[in-house]
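Following the working numbering, the numbering of the sequence shown begins with 1 at its first residue and continues without gaps.
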Amino acid sequence: MRRTITILGETVLPGQSKTIDMEIAKLHNTAKLKIPIIVSRSKIDGPTVLFSAGIHGDEINGVDIVRQIITKKINKPKRGTIICIPIVNMFGFVNMSRQFPDGRDLNRVFPGSKNGSLASRFAYHILTDIMPLVDYAVDFHAGGASRFNAPQIRLAPNNAELKTLADVFNAPFTLYSKNISGSFRNSSQKLNVKMLLFEGGKSLDINTSVSNTGIQGVKRILDHLDMLDPKQTLEKQENKTIYIEKSAWIRAKWSGLLHDNGYIGAFVKRDTVLAIITDPFGKFEHKVKAPNDGYIINANHAPIVYQGDAVYHISKTLVDGNK
Numbered sequence: 001m002r003r004t005i006t007i008l009g010e011t012v013l014p015g016q017s018k019t020i021d022m023e024i025a026k027l028h029n030t031a032k033l034k035i036p037i038i039v040s041r042s043k044i045d046g047p048t049v050l051f052s053a054g055i056h057g058d059e060i061n062g063v064d065i066v067r068q069i070i071t072k073k074i075n076k077p078k079r080g081t082i083i084c085i086p087i088v089n090m091f092g093f094v095n096m097s098r099q100f101p102d103g104r105d106l107n108r109v110f111p112g113s114k115n116g117s118l119a120s121r122f123a124y125h126i127l128t129d130i131m132p133l134v135d136y137a138v139d140f141h142a143g144g145a146s147r148f149n150a151p152q153i154r155l156a157p158n159n160a161e162l163k164t165l166a167d168v169f170n171a172p173f174t175l176y177s178k179n180i181s182g183s184f185r186n187s188s189q190k191l192n193v194k195m196l197l198f199e200g201g202k203s204l205d206i207n208t209s210v211s212n213t214g215i216q217g218v219k220r221i222l223d224h225l226d227m228l229d230p231k232q233t234l235e236k237q238e239n240k241t242i243y244i245e246k247s248a249w250i251r252a253k254w255s256g257l258l259h260d261n262g263y264i265g266a267f268v269k270r271d272t273v274l275a276i277i278t279d280p281f282g283k284f285e286h287k288v289k290a291p292n293d294g295y296i297i298n299a300n301h302a303p304i305v306y307q308g309d310a311v312y313h314i315s316k317t318l319v320d321g322n323k
């Protein structure tokens with residue numbers, strides 16, 4: 001039994017809850033910038049689960065999900081340990097920016113370096129000081145650049161354990177996607193941490209439905225691991241997650257004003273008119289049509305688009321989730 005857990009020099013005993021502040025660097029005005037790590041332990045031994053968000057500082061919907069996990073006391077485990085980091089990239093969150101102040105994407109610099117760039121140092125300490133303690137993790141993200149993601153889990157193909165966890169989480173969609181070099185998910189897998197990546201909503205936005213989907217998925221994961229506090233209730237779900245093996249982006253053929261027809265999350269037939277692109281002067285109206293039957297798993301909510309911009313993400317190949 002793991003009697004003690006030590007993070008950044010602070011020890012958390014069984015039955016304890018503690019907030020540990022991670023301080024790697026200060027703001028340019030010398031003000032301290034603390035990243036709270038909320039640790040809750042049961043007196044009964046069990047797995048350690050991490051719920052993290054805000055690796056991209058402008059993806060606030062994930063921050064809201066982890067916040068609610070804490071405020072609703074979902075992070076008080078029946079057994080084992082739950083670690084919550086609502087905001088990993090506090091620098092980006094303060095600036096409402098995706099990147100670190102050094103211009104780097106934190107989710108592309110893992111495993112990082114102790115003496116590297118600011119983002120690289122953060123990646124190093126997360127992997128060195130936290131992830132060796134973790135057995136399971138869910139990292140929460142949102143779509144960037146005004147693109148709204150239908151709630152979805154992403155996982156690497158050919159991993160039976162992750163497939164089981166994705167079935168349990170039961171988001172509306174589950175996408176098979178290879179781990180990206182330099183990503184948190186890729187480095188965590190190398191440490192044998194079983195991590196799901198959740199995508200939902202868009203940057204600089206909070207969507208209640210997306211938050212609820214994430215929270216219910218977290219409860220199901222904890223229930224599956226026999227960690228959910230008996231005081232918590234589970235919503236009954238009849239629909240099973242839809243597995244998507246291949247998908248493609250539909251790109252704008254014209255520049256102009258984008259009028260979205262609201263098909264996010266829906267199954268559409270080929271040639272369904274997903275949007276209209278118009279010019280500001282009433283000269284033209286062009287239809288954006290679905291190139292094939294499929295589910296719309298991402299929609300661009302920007303009012304203005306340029307030729308070549310990604311406007312919709314549509315599934316191409318579905319797989320039997322029971323396999």
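Where a beta carbon is used, it is the ideal one built from N, C-alpha and C, also for glycine. Here the structure is a predicted model, which means the values were calculated and not measured.
The secondary-structure analysis by DSSP pairs Phe140 across a beta bridge with Ala53, Phe198.
In this structure, Trp254 keeps its C-beta atom at 8 Å or more from the C-beta atom of His313.
Going by DSSP, Tyr124 is part of no beta strand (DSSP E) but of the alpha helix (DSSP H) stretching over 118-125.
For Arg220, the enclosing alpha helix (DSSP H) has its first and last residue at 208-224. Under the 8 Å Cβ criterion, the stretch 230-248 does not count as touching the stretch 84-91, having fewer than three qualifying pairs. Measuring C-alpha to C-alpha distances from Leu155 to each of His224, Lys178, Asn170, Gly143 identifies Lys178 as the nearest. In this chain, the beta strand (DSSP E) harbouring Ile153 covers 147-155.
Counted as a single uninterrupted DSSP element, the stretch harbouring Asp58 is not any alpha helix (DSSP H), since DSSP gives it neither H nor E.
A residue is called buried once 16 or more other Cβ atoms fall within 10 Å of its Cβ, and Gly112 is buried on that count.
Within a 10 Å sphere around the beta-carbon of Glu23 sit fewer than 16 other beta-carbons, which makes this residue exposed.
Of the residues Tyr176, Ile221, Asn170, the one whose Cα lies closest to the Cα of Asn158 is Tyr176.
About 5 Å separates the beta carbon of Thr48 from that of Asp135, a gap short enough to meet the 8 Å contact definition.
In terms of Cα proximity to Val305, the closest of Ile65, Thr278, Pro291, Leu118 is Thr278. It is roughly 8 Å from the alpha-carbon of Pro172 to the alpha-carbon of Ala150. Look at Pro132 here: in three-state DSSP terms it is helix.
As summarised for the stretch 228-307, the continuous beta strand (DSSP E) elements at least 3 residues long and confined to that stretch are 242-251, 256-260, 273-278, 285-289, 294-300, given in chain order.
A residue is called buried once 16 or more other Cβ atoms fall within 10 Å of its Cβ, and Ala145, having fewer, is exposed. Per DSSP, reduced to three states, the secondary structure at Ala166 is helical. In terms of Cβ geometry, Gly308 and Ala266 do not form a close pair [threshold 8 Å]. The distance from the Cβ of Thr19 to that of Ile37 is about 7 Å, consistent with a contact at the 8 Å cut-off. At a Cβ-Cβ threshold of 8 Å, Thr174 and Gln152 count as neighbours. Rounded to the nearest angstrom, the Cβ distance from Phe110 to Phe184 is 5 Å, consistent with a contact under 8 Å. Taken in chain order, the whole beta strand (DSSP E) runs of length 3 or more contained in the stretch 61-109 are 81-85.
For Lys18, the enclosing beta strand (DSSP E) begins and ends at 17-22. Under DSSP, Glu10 shares a beta bridge with Ile7. It is roughly 11 Å from the alpha-carbon of Arg41 to the alpha-carbon of Met227. In the three-state DSSP reduction, Ser40 falls in the strand class (E or B). DSSP lists Thr81 as the bridge partner or partners of Thr48.
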